[in-house]
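Engineer: I have a structure here, written as structure tokens, and I will follow up with some questions on it.
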Amino acid sequence: MRQLTSDHKPRENVTRNRSQNGLAGLRERVEVKMINQHMMNKARRAAREALTKRNARKWDEANRIMRQAAASAFN
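Taken in order, the sequence shown gives residues 1 to 75; the numbers are from UniProt numbering.
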């Protein structure tokens, strides 16, 4: 039996969903791609700021965003 306290729904099988209706899968993939581009831009901006202003916090932020983008690309 699953935990009753958490209302977290496990992610559905992505490949099955894609094969059921190809268009929705395509749209989903494009959205993910766009999100990743946005993330990369944010990370680049933060990294550039970190380099120009020698701001360590910005550097950490850039790394965090990069990790986040990588994670969202593979989930």
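From the three backbone atoms N, C-alpha and C, an ideal C-beta is built for every residue, glycine too.
1. Pop quiz: Glu49 and Asn41 are said to be a contact at Cβ under 8 Å. What is the actual Cβ separation, rounded to whole angstroms?
2. Taking all protein chains shown into account, do 16 or more other C-beta atoms lie within 10 angstroms of the C-beta of Ala70, making it buried, or fewer, making it exposed?
3. I'd like the list of long-range same chain contacts for Lys53, defined as Cβ closer than 7 Å, with 5 residues on each side in sequence excluded.
Structural biologist: Let me lay it out:
1. Contact doesn't hold; Cβ gap of about 13 Å is too wide.
2. exposed
3. none
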